[in-house]
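Novice:
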Amino acid sequence: MASEAEIRQAFREQIVAGQTLDSPFTARLGALMVERLDGSTTVGRRVLAWEGDPGTRGDLLPTRLAGALHALVIDGRDEGLKAVYPPNEVSDDALWSGIIHAFGEHENFILERLRFAPQTNEVRRSSALLAGFLTIADLFGKPLVLSEFGASMGLNLNWDRYHHDLGGFLWGDPSSPVMLKPRWEGGSPPRAEIAVQDRAGCDLNPLDPNAPEDSLRLLSYLWADQPDRVERTRAAIEVARINHVLVEKGDALAWLKEKRLANLLPGTVHVVYHSIAWQYLPPDARARGEAIIAEAGSRATEDAPLARLQIEMDDNPDGVTLSLQIWPTGERRELGRTDPHGRWVKWRGW
Numbered sequence: 001m002a003s004e005a006e007i008r009q010a011f012r013e014q015i016v017a018g019q020t021l022d023s024p025f026t027a028r029l030g031a032l033m034v035e036r037l038d039g040s041t042t043v044g045r046r047v048l049a050w051e052g053d054p055g056t057r058g059d060l061l062p063t064r065l066a067g068a069l070h071a072l073v074i075d076g077r078d079e080g081l082k083a084v085y086p087p088n089e090v091s092d093d094a095l096w097s098g099i100i101h102a103f104g105e106h107e108n109f110i111l112e113r114l115r116f117a118p119q120t121n122e123v124r125r126s127s128a129l130l131a132g133f134l135t136i137a138d139l140f141g142k143p144l145v146l147s148e149f150g151a152s153m154g155l156n157l158n159w160d161r162y163h164h165d166l167g168g169f170l171w172g173d174p175s176s177p178v179m180l181k182p183r184w185e186g187g188s189p190p191r192a193e194i195a196v197q198d199r200a201g202c203d204l205n206p207l208d209p210n211a212p213e214d215s216l217r218l219l220s221y222l223w224a225d226q227p228d229r230v231e232r233t234r235a236a237i238e239v240a241r242i243n244h245v246l247v248e249k250g251d252a253l254a255w256l257k258e259k260r261l262a263n264l265l266p267g268t269v270h271v272v273y274h275s276i277a278w279q280y281l282p283p284d285a286r287a288r289g290e291a292i293i294a295e296a297g298s299r300a301t302e303d304a305p306l307a308r309l310q311i312e313m314d315d316n317p318d319g320v321t322l323s324l325q326i327w328p329t330g331e332r333r334e335l336g337r338t339d340p341h342g343r344w345v346k347w348r349g350w
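Residue 154 in the UniProt record's numbering sits at position 154 of the sequence shown; the count goes up by one each step and never skips.
#1: Span of the alpha helix (DSSP H) holding Gly-297?
#2: From Val-320, Gly-201, Pro-328, Arg-343, pick the residue whose C-alpha is nearest to that of Leu-335; which is it?
#3: If you count every other CB in all the chains shown that lies within 10 Å of the CB of Leu-59, and 16 or more means buried, which is it?
#4: In its own chain, which residues sit with a C-beta less than 6 Å from the C-beta of Ala-235, not counting the 5 before and 5 after it?
#5: Going by alpha carbons, who is nearest to Trp-255 out of Pro-305, Gly-201, Leu-166?
#6: Mind checking Val-345: buried by the 16 CB within 10 Å criterion, or exposed?
#7: Helix, strand or coil for Ala-304, going by three-state DSSP, please let me know.
#8: Roughly how many angstroms separate the alpha carbons of Arg-77 and Leu-69, rounded to a whole number?
#9: Looking only at C-alpha atoms, which of Asp-225, Leu-157, Ala-240 sits nearest to Gln-197?
#10: Go ahead and label Asn-88 buried or exposed: buried means 16 or more other beta carbons lie within 10 angstroms of its beta carbon, across all protein chains shown.
#11: Rounded to whole angstroms, what is the Cα-Cα separation between Ala-10 and Ala-304?
#12: Would you report the Cα separation of Ala-27 and Leu-222, rounded to the nearest angstrom?
#13: Within 10 angstroms of its Cβ, does Lys-249 collect 16 or more other Cβ (buried), or is it exposed?
#14: Does the beta-carbon of Met-153 have 16 or more other beta-carbons within 10 angstroms, so that it is buried, or is it exposed?
#15: Identify the continuous beta strand (DSSP E) that holds Ile-326 and give its terminal residues.
#16: Enumerate in chain order the residues of its own chain whose CB-to-CB distance from Lys-142 is below 8 Å, with the five nearest sequence positions on each side excluded.
#17: Just tell me which of Gly-150, Val-247, Ile-74, Glu-105 has its CA closest to the CA of Ile-311.
#18: Under 8 Å, do Glu-148 and Tyr-273 count as touching if we go by C-beta distance?
#19: Do Asp-173 and Arg-183 have their C-beta atoms within less than 8 Å of each other?
#20: Going along the chain, which residues of its own chain have a beta-carbon closer than 7 Å to the beta-carbon of Ala-277, five neighbours each way excluded?
#21: If I follow the unbroken alpha helix (DSSP H) through Trp-96, where does it start and stop?
#22: If I'm right that Pro-24 touches Asp-225 with Cβ under 8 Å, what's the distance once you round it to whole angstroms?
#23: Opposite Ile-242 in the DSSP bridges: which residues?
#24: Between the Cα of Leu-111 and those of Arg-45, Leu-204, Ala-294, spot the shortest distance and give me the residue it belongs to.
#25: State the beta-bridge partners of Asp-203 as determined by DSSP.
Written out as structure tokens, the structure reads:
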């Protein structure tokens, strides 16, 4: 079980995340939890007795709790909480009073939501991924077979159905309801032709865009004072409803090994990709995943190459890394850096 000091430290991490990623309200929530959360409610006792790793690279306990509260606001289940949430401006005392009331009134709902790992499926990451896919298409000149690890609702499997502006480099469907324009530094990605031959994803808890409860869950993990993210995600959910993409339920590592990478298809390049997902695997599972991909890479040929594209955290505090590894050579390069929410991209290229 985590110590109370470790749990409060996790909420301090939430403060830093809110400050760094332009969400003052998220930072404020974290500060209130650090200062005022105690064992006077069942929810408070559950949070302060958390058994796993409460931090950013663990269970993301503050995000679980914030998501449960935001769901009550989005769904209109708690009008009192909605009245003290953005865009309303209230005192800390009024906000905390609304939160404590929600802890009691919706105790079972919040406790249930605390059991599930957050899923944001941040759509803006698709622009950084697009730059990677363009690089892969330029390197190999073959149709893409896509396998997304930790795909959630599969919104980033639809990256080619959005419109992108990568520093003036326009790509995609100009009539798409999802318009992505990250702050772009560096040159343009390659102007390669892309053809997607097959796409699929896997997740331990895939979300269905046609299920209202699943859409609510996805939207709730977005930060309450960032309505643009909510609107963008709603638009991406609509795209997902129109363009059904298979996201299978199960162990994504077994899915990769037994289904997707068992046979590399000649005349295509198979791309395994993931964004802010690998870090949530336990160390032994990460090692197993690396071995599965490396083994598939050992079978890759010039006619049936393999690529791994990833957006994941590393030890560099300047955003997260966008990296690409290709086989049969095994060469790996960092293509650039991006914001965890995809707000900006610092592009280096291959």
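Glycine included, each C-beta is placed from N, C-alpha and C at the ideal position.
Specialist: Reading it off the structure:
#1: 283–298
#2: Val-320
#3: Here the sequence assigns Asp to residue 59, which means Leu is not the residue at that position. Buried, since its Cβ has 16 or more Cβ neighbours within 10 Å.
#4: Pro-177, Val-178
#5: Gly-201
#6: buried
#7: coil
#8: 10 Å
#9: Leu-157
#10: exposed
#11: 44 Å
#12: 13 Å
#13: exposed
#14: buried
#15: 320–327
#16: Gly-267, Thr-268, Val-269, Pro-305
#17: Gly-150
#18: yes
#19: no
#20: Phe-149, Gly-150
#21: 92–105
#22: 6 Å
#23: Paired residue(s): none; Ile-242 is not in a bridge.
#24: Arg-45
#25: Lys-249
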